[in-house]
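Everything below concerns the one structure shown next.
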Amino acid sequence: MKLILISFFLLLFTSCIPVRIAPEIKEDKVMVAKKFKRKLPKKYSYIFVDPKDADEFYNYINTKYQLDHDNVGYNVPVLINKKEYFLSFHEVEIPTKTINLVPLFIDAGLKSKDYDPLFEGSHITRIGNWYLVLTIADSELNDCLDPSATNRKQVLKFLKETRLEYLATTNYFDALFRK
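Letter by letter, the sequence shown follows residues 1 to 179 in our numbering.
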């Protein structure tokens, strides 16, 4: 019985409680953007993990489509099978938050004895996870990633190729010459 109690308390004090867990996306995912993050539009979107630094996708799109920093994030005209579509994207951070019990209990014990806390900044751990959320519309502003869209397969193929090119490219002028 003592061994079980010791094991339980050891497990309790060395554990952390997840408060928010970021979604795990292996390659890509198509879903309604608002379900992924509340502040995003209520449109179907193509979502993937962004392992690169902030604003890298912005620079990639700006360079590839020669936008000269003009409306880069919203309604970028792209051609898919000789038809014009409009690409919009959002860089989104969804952190994984955990509450660490050991520092919390140690600081509570110190505070009860009128000592300053030692682990004040270690009670909560945040690990940021960055995602790119891409939406695409046709000239009538219809959602092209909607499951009922007639051109959905071509659009998904284009977005997958764009993702792979973005992840493989370090010098974005290379993407300009691949057009």
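For glycine and all other residues, C-beta sits at the position ideal for the given N, C-alpha and C. In this text, all values refer to a predicted model and were calculated from it rather than measured experimentally.
To the nearest angstrom, report how far apart residue i and residue j are at their CA atoms.
i	j	result
Ala33	Lys64	25 angstroms
Glu161	Asp70	24 angstroms
Arg38	Pro23	14 angstroms
Asp68	Arg163	21 angstroms
Lys52	Tyr166	10 angstroms
Leu87	Tyr60	13 angstroms
Trp130	Asn75	21 angstroms
Leu113	Glu27	Looking at the sequence itself, residue 113 is Lys, so the reference to Leu does not match. So the two alpha carbons sit approximately 51 angstroms from each other.
Ala108	Glu120	10 angstroms
Lys35	Ile6	42 angstroms
Met1	Thr170	59 angstroms
Val72	Asn62	6 angstroms
Thr96	Pro103	18 angstroms
Can you list, in chain order, the residues of its chain whose CB lies under 7 angstroms from that of residue i, leaving out five sequence neighbours each side?
i	result
Ser139	Glu84
Glu91	Asp50, Ala54, Phe57, Trp130, Leu132
Lys29	Ile47
Asp143	Lys43, Tyr44, Ala137, Ala149
Using DSSP with H/G/I as helix, E/B as strand and the rest coil, what is residue i?
i	result
Tyr65	coil
Pro95	coil
Asp107	helix
Ile17	strand
Leu156	helix
What whole-angstrom Cβ distance do residue i and residue j have, given they're in contact under 8 angstroms?
i	j	result
Leu141	Val155	Contact doesn't hold; Cβ gap of about 14 angstroms is too wide.
Tell me which residues share the same chain as residue i and place their Cβ nearer than 6 angstroms to its Cβ, disregarding the 5 neighbours each side in the sequence.
i	result
Ile94	Ala22, Asn129
Thr135	Lys43, Ser45, Ser88
Arg20	Lys97
Which residues in the same chain as residue i place their Cβ atom closer than 8 angstroms to its Cβ, once the five residues preceding and following it in sequence are excluded?
i	result
Met31	Tyr44, Ser45, Ile47
Ile25	Ile47, Phe48, Val49, Tyr131
Leu40	Ala33, Lys34, His90, Val92, Val133
**the segment 149–160 touching the segment 73–92, judged by at least three CB pairs closer than 8 angstroms** = yes
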